[in-house]
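Residue numbers (the numbering used here): 426 to 749.
Here is the structure we will look at, set down as structure tokens.
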Amino acid sequence: MQSKIINTTTTATKRPAFDWRSYIVYIAFIGVFITFSITLYDYGFLTTNNLLNIVRQTAMISIMAVAVTFVISTAEIDLSVGSIAALSSLTAALAIQSFGVVGGILAGLGTGAIIGLINGLLVTKVLIPSFLVTLGMMIIVKGIAMWITGTSPVPILNETFIFLFGSGSLGPIPMLFVWTIIIAVFGHIVLRKTTFGRQTLATGGNESAARFSGINTARVKLIALVSSGMMAGFAGMLYAGRLEAGRFTFGEGAELSVIAAVILGGTSLFGGVGTVVGTIFGSILIGTINNGLIIMGLDVSQQMMVSGLIIILAVAFGRKAKKH
Numbered sequence: 426m427q428s429k430i431i432n433t434t435t436t437a438t439k440r441p442a443f444d445w446r447s448y449i450v451y452i453a454f455i456g457v458f459i460t461f462s463i464t465l466y467d468y469g470f471l472t473t474n475n476l477l478n479i480v481r482q483t484a485m486i487s488i489m490a491v492a493v494t495f496v497i498s499t500a501e502i503d504l505s506v507g508s509i510a511a512l513s514s515l516t517a518a519l520a521i522q523s524f525g526v527v528g529g530i531l532a533g534l535g536t537g538a539i540i541g542l543i544n545g546l547l548v549t550k551v552l553i554p555s556f557l558v559t560l561g562m563m564i565i566v567k568g569i570a571m572w573i574t575g576t577s578p579v580p581i582l583n584e585t586f587i588f589l590f591g592s593g594s595l596g597p598i599p600m601l602f603v604w605t606i607i608i609a610v611f612g613h614i615v616l617r618k619t620t621f622g623r624q625t626l627a628t629g630g631n632e633s634a635a636r637f638s639g640i641n642t643a644r645v646k647l648i649a650l651v652s653s654g655m656m657a658g659f660a661g662m663l664y665a666g667r668l669e670a671g672r673f674t675f676g677e678g679a680e681l682s683v684i685a686a687v688i689l690g691g692t693s694l695f696g697g698v699g700t701v702v703g704t705i706f707g708s709i710l711i712g713t714i715n716n717g718l719i720i721m722g723l724d725v726s727q728q729m730m731v732s733g734l735i736i737i738l739a740v741a742f743g744r745k746a747k748k749h
């Protein structure tokens, strides 16, 4: 009897304690949403139009963040997504003028995929740290985007493209939200239900052990970086469709919001832990905060300070997640 009691006690003590940090993004989102709902109710925060605006404004960040979740889960990083989005918006706009909607889509996605491939090869073959590769690529791509059109915007007049990637909607649901859901569901399934998803987390968790177990970690990282570039290209098309033009300024500073969304969502900055659902909530949380600050009348400098604080908190929570 005594033995059974000891065993029962031992089993009870081994039960993992509830770690609220694992759910911080959901707790924060609920808290922020309720706070703004109460304090900004008379200013229209809860109106359907404003809530749809949050969805539209966060769509591009959310889509890029889904792909970057895979990159960061492998213990790498991609700082070039914002610049890729800008260049892809321009190449898509230019291609539409000559080849129509299909040409524009292929150009936008192809631009992102090619840049992502270059990033991936430099990281996996030349063995340059991804931080340095993508930082340099961010600057190079930004320069190319400014150069190819002389910093001039490229208008998009194709109504089909604008409907699919901009102002269109399926009933009351904006196409930007539809694309976000499609990419998020696909990313979640790949990360949680496929061999590649397990290999991604294994690569970031312990790359040496992953290699010894037969995982081609270089290939995993390459695919993650190519996918990141392609989704940045897709986001560039959404920027272009929403504003009916390609511009070199699109995605400026987006890489910081993307990384903050990923880390706030529960993905470890050090790899091995990733969640697409958390990433989407992280993106919407940032978008909700920005929207609320604008309604409150804060100027751009004050919004930037709050956004910077969010990024610092994201990194802090990422470190805690690694320790536990």
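Yeah, the Cβ is synthetic: ideal placement off N, Cα and C, and Gly gets one too.
Quiz item: Roughly how many whole angstroms lie between the Cα atoms of Gly488 and Ile497?
Solution: In the sequence as presented, Gly is not what sits at residue 488; that position holds Ile. Approximately 15 Å between the Cα atoms of the pair.
Quiz item: So, is Pro597 buried or exposed, given that buried needs 16 or more other C-beta atoms within 10 angstroms?
Solution: Burial call: exposed.
Quiz prompt | Ile598 - DSSP class collapsed to helix/strand/coil | solution = Here Ile598 sits in strand by DSSP.
Self-check item: Backbone CA spacing between Ile565 and Trp572 [nearest angstrom]
Solution: When rounded, the distance between both Cα atoms is 10 Å.
Quiz item: Among Val480, Ile509, Ser555, which residue has its Cα nearest to the Cα of Gly535?
Solution: The shortest C-alpha separation from Gly535 is found at Ile509.
Quiz item: Is it the case that the Cβ atoms of Val450 and Phe706 are separated by a distance below 8 Å?
Solution: It is a contact, given that the beta carbons lie within the stated cut-off.
Exercise. Consult DSSP for Val381 and reduce its assignment to one of helix, strand or coil.
Key: Residue 381 lies beyond the residue range present for the chain, which begins at 426 and ends at 749; the question has no answer from this structure.
Quiz item: Asn474 lies in the alpha helix (DSSP H); which residues open and close that run?
Solution: For Asn474, the uninterrupted alpha helix (DSSP H) segment begins and ends at 473-498.
Quiz item: Comparing alpha-carbon positions, which option in Thr472, Ile521, Leu542 lies nearest Gly533?
Solution: Checking every option, the nearest Cα to that of Gly533 belongs to Ile521.
Quiz item: At what residue ranges does the stretch 642-676 contain a whole run of the alpha helix (DSSP H), taking only runs of 4 or more?
Solution: As summarised for the stretch 642-676, the continuous alpha helix (DSSP H) elements at least 4 residues long and confined to that stretch are 642-668, given in chain order.
Quiz item: For the candidate residues Ile640, Thr620, Lys618, whose alpha-carbon lies nearest to that of Thr628?
Solution: If we check each option's Cα against that of Thr628, Ile640 comes out closest.
Quiz prompt | Residues sharing a beta bridge with Val731, DSSP | solution = According to DSSP, Val731 shares a beta bridge with no other residue.
Quiz prompt | Whether Arg481 touches Arg667 by CB criterion (8 Å) | solution = Using a Cβ distance threshold of 8 Å, Arg481 and Arg667 count as a contacting pair.
Quiz prompt | For Val450, the three-state DSSP class (helix, strand or coil) | solution = Val450 falls in the helix class under three-state DSSP.
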